[in-house]
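K.L.:
Chains as they are written, first to last, in the UniProt record's numbering: chain A, 1 to 494; chain B, 1 to 494.
1) Which runs of the alpha helix (DSSP H) fall wholly inside the segment 256-301 of chain A and span at least 4 residues, in chain order?
2) Would you call the segment 298-306 of chain A and the segment 272-283 of chain A touching, i.e. three or more CB-CB distances under 8 Å?
3) List, in order along the chain, the chain A residues whose C-beta lies closer than 7 Å to that of residue 222 of chain B?
4) Determine the chain B residues that contact residue 393 of chain A at a beta-carbon separation under 8 Å, and present them in chain order.
5) List the endpoints of the continuous beta strand (DSSP E) containing residue 328 of chain A.
6) To which residues of the same chain is residue 300 of chain B closer than 8 Å at the C-beta, ignoring the five residues directly before and after it?
7) Counting contacts by CB-CB distance shorter than 8 Å, is residue 180 of chain A in contact with chain B?
8) Out of A:130, A:146, A:479, A:349, which has the shortest C-alpha to C-alpha gap to residue 321 of chain A?
9) So which of A:346, A:98, A:415, A:220 has the shortest CA-CA distance to residue 429 of chain A?
10) For residue 106 of chain B versus residue 132 of chain B, is the C-beta spacing smaller than 8 Å?
11) For the segment 299-315 of chain A, which residues have a CB atom closer than 7 Å to at least one CB atom of chain B, in sequence order?
12) Taking 8 Å as the threshold (beta carbon to beta carbon), is residue 183 of chain A in contact with chain B?
13) Determine whether the Cβ of residue 211 of chain B lies closer than 8 Å to any Cβ atom of chain A.
14) Enumerate, from N- to C-terminal direction, the unbroken beta strand (DSSP E) stretches of 3 or more residues contained entirely within the segment 369-417 of chain B.
15) Give the range of the beta strand (DSSP E) segment to which residue 140 of chain B is assigned.
16) Identify the contact partners of residue 227 of chain A in chain B, using a Cβ-Cβ distance below 7 Å as the criterion.
17) Out of B:268, B:249, B:177, state which residue places its alpha-carbon closest to the alpha-carbon of residue 219 of chain B.
18) Can you name the residues that DSSP bridges to residue 343 of chain B?
19) Can you list the residues of chain B that residue 167 of chain A reaches, using a CB-CB cut of under 8 Å?
20) Can you name, in chain order, every residue of its own chain whose Cβ lies under 6 Å from the Cβ of residue 195 of chain B, other than the five neighbours on each side?
21) According to DSSP, residue 433 of chain A sits in a beta bridge with which residue or residues?
22) For the alpha helix (DSSP H) that contains residue 162 of chain A, what are its first and last residues?
23) When we look at the beta-carbon of residue 464 of chain B and count the other beta-carbons within 10 Å, is it buried (16 or more) or exposed?
24) Using only the alpha-carbon positions, how far apart do residue 148 of chain A and residue 54 of chain A sit?
25) Within 10 angstroms of its Cβ, does residue 402 of chain B collect 16 or more other Cβ (buried), or is it exposed?
26) Taking 8 Å as the threshold (beta carbon to beta carbon), is residue 284 of chain B in contact with chain A?
27) Does residue 317 of chain A have its Cβ less than 8 Å from a Cβ in chain B?
28) Using CA coordinates, which residue listed in A:247, A:256, A:134, A:215 is at the minimum distance from residue 316 of chain B?
29) Which class does residue 467 of chain A belong to by DSSP, given the choice of helix, strand or coil?
30) Find the residues of chain A that neighbour residue 355 of chain B, judging by a C-beta separation of less than 7 Å, and give them in chain order.
31) Does any residue of chain B have a CB that is nearer than 8 Å to the CB of residue 396 of chain A?
32) Does the beta carbon of residue 329 of chain A sit closer than 8 Å to a beta carbon anywhere in chain B?
33) According to DSSP, is residue 481 of chain B helix, strand or coil?
34) Any heavy atom of the ligand MG closer than 7 Å to the Cβ of residue 442 of chain B?
35) Within the continuous alpha helix (DSSP H) that includes residue 106 of chain B, where are the two ends?
36) Compute the distance between the beta-carbons of residue 139 of chain A and residue 372 of chain A, then report whether it is under 8 Å.
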């Protein structure tokens, strides 16, 4: 998130004890393998699956060496032999503000009074008689203006997804279309399972609702993930005071459930699938430029949110007062093209969207427009809140793994913008193919090697004039985090 | 637009003298070839380029025979040998509510006091010393709830596009990037040409505006087209009272300018390019389903527009009062997936978006969400206006003709939904290839033959059980209009 949030934002408070006091995660997040207590200093917090020793943690936090971190041989291996690597930034913030999480989560059907009677008949009975299913989960969180939101999101987002899915255990395991209406609400203690309610369907349902829209199982999972992001954001809002949670974060999560990948993105991280050398985009970035029209539309309808400081119109540059009455290029919420307008007094305000590419900012403050947290973020030295313009909702794309034959070299790559800023999709695909061909298909380390290589190539090498890539261009000075998830091949789906 | 607007809308008034009193178009719109007067009855109005005799006009208006209309041999030929064909609906409205226009338009630079001094130096000096350029223009307008808006738009939209482009004559012909700021506004009588203003650029411009955004010539043309649609809509609003303009229309326009096609679409017509057998979509449809989130967002922010009759939430079907307290699938403006919510009193209101596919409606009234007109359209027996939810702005897609080698069989097809409802992209491409191969590449009629065949195949043949396609499925009972525009080949670019 280098340069993406103006350094001057009032809330910038690095290293405030983020995460402290939160419910302890399933595994300790570094800071002493095996210790069940909260990490001693949340600022040093790294992903639990890295199982870093205190010494390793100090090395990971060193801006000078920028050592690449990966799960070590002999320690816990990530599911599907997933590769992971990360590196800290070159000094733009005190600690690595990226966070990551990788979990296999059991979604247990919510208990119901009459449920036990049915439990032997339903499918999906797992885990010692508990009814439910598993999902696999990988997620990256790219924090800004403090690490609190990213840390909490990395600890809790999968819990919220699980919580949303619990009401759907019966429905998702039933091949017939999801019921439009449930007699009693999910979560309601009097709720009974769908199967038990057949007798309760009103007789007039079929003729009455000929305009009934079909809803797929897939769209229920998408809705569950969308709402989980919202609940995650609400939790950060509720607990930010008590837990001193600073900042916000982009969130990119891949969920594997019942044969399909659901890739949910809110922010400027990116996911691509590389299949047989072909690149399949699995996300798009949400920035002031890509979401310009949504933001301008909101500003037009709710001008009070702009606090008389901003105009919802976009101009190619700032207007000077002496240019009043001249004609300048502009565009509004309806336009994709540009046109000239006569400059009026109101146009002298700062444009809601300003700048280009990585330098594009909303309200001169933030360079991403979706994500979690940022509830206290304000325009510098003003009382104008940014949050109303941010969306915590992800875009979810679905990839059906069962529709294709996958070979061991087909992968899903998740990366924070530290990767993509200097290494484009095609280059990433090139590295993936290059590294994978140099390892045996059943080598358990090959995906980790890819992740490490991607991080190293994007970080570059420290020279006299800073971190440099092989082509001598500037390497990424941002935090970089990468997952490389194999889509096929022997023994990966365990 | 069959079934796209509830028949009961208050404004449905077929055959009101639409277009009467409007400025006469460059050529009379049927109703007597060669007569310079306004058409005697706008309801019978057909595209001017068809040059229909009164007898032909009566035949074109016959719902029973549904004769296909095309420009006749020996009369004026359309530019580029463009093919065109149309047919009236099977009785859903009194007259054919589609309209079409095809013009070559000269954009003359707006005169300026000092302009004459420069006129010999500039490029683009054409047409007896007048400075400017030409654009080619093809457009389809699919009217609903009256023919007035479609007729006026077919007469005037290209005039508005020309008007918007007039201010850009110098800028578009200058290969350097468009100026961000003009010393005096286009249309301002004191305006001087860009070339004349070089000396007036402030010295501090370069260091001061390092964040200046580059704007392309192409995006100026897009902006001009977008604003032309807005001005067209404003004109319909202004003149609808005096001229009894009823209804609204979808608008699809293709503009060829300086080597590029600009395809602007507002509504549910469609444009595709067929190049070497490959289909390239040049538009997308704007319907309650495709624009759901924009509409829900507006309704959420401006609930007063719903008049307490509608809810911005979408449900898969109507909710019955007895279902209060149960859980039902829903989605809001943030969601693409579905989730369950407990039904509350407010959810019993009618959903803003309701129905599926061709039956999807906004506020139970209209099946398209962009277009021109509809200023008086209200929800049946209410005072709730539809117009705030409609957008008159098109999406403009650009196709650079100079980037590809085109053969005589490569075409751009524009069609109203009467075509696409029964004949999909692939089938249209099949017909195009099939018909073109049976005519010589230099046969001037071949594109007309394609357009006719597309219309005939979509209309079908009248049998005992109505209009039937070759596969015995129901043919389109809607008005059908098709342009087939060749992209290459000898002698077409004249």
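For glycine and all other residues, C-beta sits at the position ideal for the given N, C-alpha and C. Since we're looking at a predicted model, the values are computed, not measured.
P.N.:
Once the coordinates are examined:
1) 292-301
2) no
3) 336, 337
4) 334, 335
5) 327-330
6) 312, 332, 333
7) yes
8) A:349
9) A:415
10) yes
11) 301, 302
12) yes
13) yes
14) 395-400, 411-415
15) 130-144
16) 339
17) B:177
18) For residue 343 of chain B, which the question treats as bridged, DSSP gives no partner whatsoever.
19) 340
20) Low confidence applies here, because residue 195 of chain B scores a pLDDT of 37, under 50, leaving its location unreliable and the question unanswered by this model.
21) None; residue 433 of chain A has no bridge partner.
22) 148-166
23) exposed
24) 20 Å
25) exposed
26) no
27) yes
28) A:215
29) strand
30) 211
31) yes
32) yes
33) strand
34) The model on display carries no ligand, and the ligand MG is accordingly not part of it.
35) Note, residue 106 of chain B: premise wrong, no alpha helix (DSSP H); beta strand (DSSP E) at 98-108.
36) no
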